[in-house]
Ligand code: PMP
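Numbering (UniProt numbering), first residue to last: 41 to 362.
1) Exposed or buried, residue 218, counting other C-beta atoms within 10 Å across all chains shown (16 or more means buried)?
2) Considering only C-alpha positions, which residue in the set 317, 266, 288, 279 is nearest to residue 307?
3) With residue 319 and residue 222 assumed to form a contact (beta carbons below 8 Å), what rounded beta-carbon distance in angstroms separates them?
4) Here's the rule: buried if 16 or more other CB atoms are within 10 angstroms of the residue's CB, otherwise exposed. What is residue 169?
5) Have a look at the DSSP bridge pairing and note the partners of residue 323.
6) With three or more beta-carbon pairs closer than 8 Å as the criterion, would you say the segment 73 to 87 touches the segment 337 to 353?
7) Taking 8 Å as the threshold, find out whether the segment 54 to 64 comes into contact with the segment 133 to 147 through three or more Cβ pairs.
8) One question on the structure: do residue 330 and residue 302 come within less than 8 Å of each other, judged by their Cβ atoms?
9) Please name the residue, chosen from 284, 166, 339, 65, that lies closest to residue 24 on a Cα-to-Cα basis.
10) I want to check one thing, is the minimum distance from the CB of residue 251 to the heavy atoms of ligand 1 below 7 Å?
11) Is the Cβ-Cβ distance between residue 182 and residue 224 less than 8 Å?
12) Please report the distance separating the alpha-carbon of residue 27 from that of residue 124.
13) Are there any heavy atoms of ligand 1 lying less than 7 Å away from the beta-carbon of residue 280, as far as the coordinates show?
14) Does DSSP put residue 140 in a helix, a strand or coil?
15) Consider the C-beta atom of residue 222 and the heavy atoms of ligand 2; say whether any pair is separated by less than 7 Å.
16) Are the segment 184 to 202 and the segment 229 to 240 in contact at 8 Å, needing three or more beta carbon pairs?
17) Report, in whole angstroms, the separation of the C-beta atoms of residue 90 and residue 148, which I expect to be a contact under 8 Å.
18) Would residue 316 be called buried (16 or more neighbouring beta carbons within 10 Å of its own) or exposed?
19) Please find out if some non-hydrogen atom of ligand 1 comes closer than 7 Å to the beta-carbon of residue 267.
20) For the candidate residues 97, 47, 92, 93, whose alpha-carbon lies nearest to that of residue 76?
21) Does the separation of the CB atoms of residue 284 and residue 254 fall below 8 Å?
22) Using the Cβ count rule (16 or more neighbours within 10 Å means buried), how would you classify residue 260?
23) Taking Cβ to Cβ, would you say residue 355 is nearer than 8 Å to residue 312?
24) Are there any heavy atoms of ligand 1 lying less than 7 Å away from the beta-carbon of residue 147, as far as the coordinates show?
25) Apart from the five residues on each side of it in sequence, which residues of its chain come closer than 7 Å, Cβ to Cβ, to residue 263?
26) Please go through the same chain and pick out, in chain order, the residues whose beta-carbon is closer than 8 Å to the beta-carbon of residue 228, but skip the five residues on each side of it.
27) Are the Cβ atoms of residue 367 and residue 145 separated by less than 8 Å?
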């Protein structure tokens, strides 16, 4: 689907995947004006294709668009584009545990000009790809690298937007994490390098011995749809949940004292992933006994059950693509 300032959204079409033709002076190539979403289509027990809270992706996409001085796309058009692609690619959606169709809606500035101002032309597109489980180790807890050199987002910056530039800026930290044998990087806040923010592509939760759960508050982090869903489910399960700042120093102290029982990360791609070890310059922390903790397991089971249709969808989160 294309947009220009004179006509708005137009030229919607579904086509076989092929390269875009863009001008070498297209604004996205120079000034990085680009945003995206990540979502999945699952097969439920009846074989129907379902999306999980796609309206939230549409809403977040438009929030990202606003931050990046791009035009919003009507929610109905966003959903129609995603659903049409799911229908066309239905045969690619495998059944079975952990399998799904990953969907990537995105929009970039296509106007050809050199100069720093918002583009007057954009292309919105959705591509799809069948996927298995996100981490190759299966359900095994992952190891993360806490970076004290790089930060992801500062106040007033683009941390809460899902723009390509955020990920470009995180690649050096992610590369270091891989070098250290870790699956993901954990970022601290930019101002003080003190507070835990989020992972390279996931939000983070801490579970304490009194069944309290803490997750960093919104602001500079990406408002994850999985994060928000788990907050709701955890409260329903009778857990006491708070969204508040949590310092890296407290993570260390609470691990040592044994108060911290479980740490897990969450996002569309991996859904819920247990964190078994956190490494950092000059040390490491171990969480749990190498197995997935009971609270992590329970929340994972509940959320994937709703997505797959084996648990009641009491919030109307699942949308059947007909
Ligand atoms: N934080 C970052 C930086 C991410 O890229 C993602 C993945 N979109 C998340 C958190 C989790 O968000 P969601 O649950 O909506 O996938």
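We put the CB at the ideal spot given by N, CA and C, even for glycine.
The structure displayed is predicted, hence computed values, not measured ones.
Taking the coordinates as given:
1) Exposed is the label assigned to residue 218, since fewer than 16 other Cβ atoms lie within 10 Å of its Cβ.
2) Closest option to residue 307, Cα to Cα, is 266.
3) The C-beta separation of residue 319 from residue 222 comes to about 6 Å, placing the pair in contact by the 8 Å criterion.
4) Exposed: under 16 other Cβ atoms inside 10 Å.
5) DSSP lists 320 as partners of residue 323.
6) A contact exists between the segment 73 to 87 and the segment 337 to 353.
7) The segment 54 to 64, when compared against the segment 133 to 147, does not touch it at the 8 Å Cβ threshold.
8) Taking a C-beta distance under 8 Å as the contact criterion, residue 330 and residue 302 do not qualify as a contact pair.
9) Only positions 41 to 362 of the chain appear in the structure, and residue 24 is not among them; the question remains open.
10) No, the beta carbon of residue 251 sits no closer than 7 Å to any heavy atom of ligand 1.
11) The answer is yes: Cβ separation under 8 Å.
12) Because the chain here runs from 41 to 362, residue 27 falls outside it and cannot be looked at.
13) No, ligand 1 has no heavy atom inside 7 Å of this Cβ.
14) The answer is strand: DSSP assigns residue 140 an E or B state.
15) Among the ligands present in this structure, namely ligand 1, ligand 2 is not found.
16) Yes: the two stretches touch, three or more of their Cβ pairs being nearer than 8 Å.
17) With a contact defined as Cβ atoms closer than 8 Å, residue 90 and residue 148 miss out at about 28 Å.
18) Its Cβ being crowded by 16 or more others within 10 Å, residue 316 is buried.
19) Taking 7 Å as the cut-off, the C-beta of residue 267 counts as close to a heavy atom of ligand 1.
20) Out of 97, 47, 92, 93, 97 has the C-alpha closest to the C-alpha of residue 76.
21) In this structure, residue 254 lies closer than 8 Å to residue 284 by Cβ.
22) Residue 260 is buried by the Cβ-count criterion.
23) Judged by beta-carbon spacing, residue 312 lies beyond the 8 Å limit of residue 355, meaning their Cβ atoms are not closer than that value.
24) Checking the 7 Å criterion, the Cβ of residue 147 is out of range of every heavy atom belonging to ligand 1.
25) The residues are 100, 200.
26) The beta carbon of residue 228 sits closer than 8 Å to those of 186, 187, 188, 191, 234, 235, 236, 237, 288, all from its chain and outside the five residues before and after it, given in chain order.
27) Outside the shown range of the chain, which is 41 to 362, sits residue 367, and nothing can be said about it.
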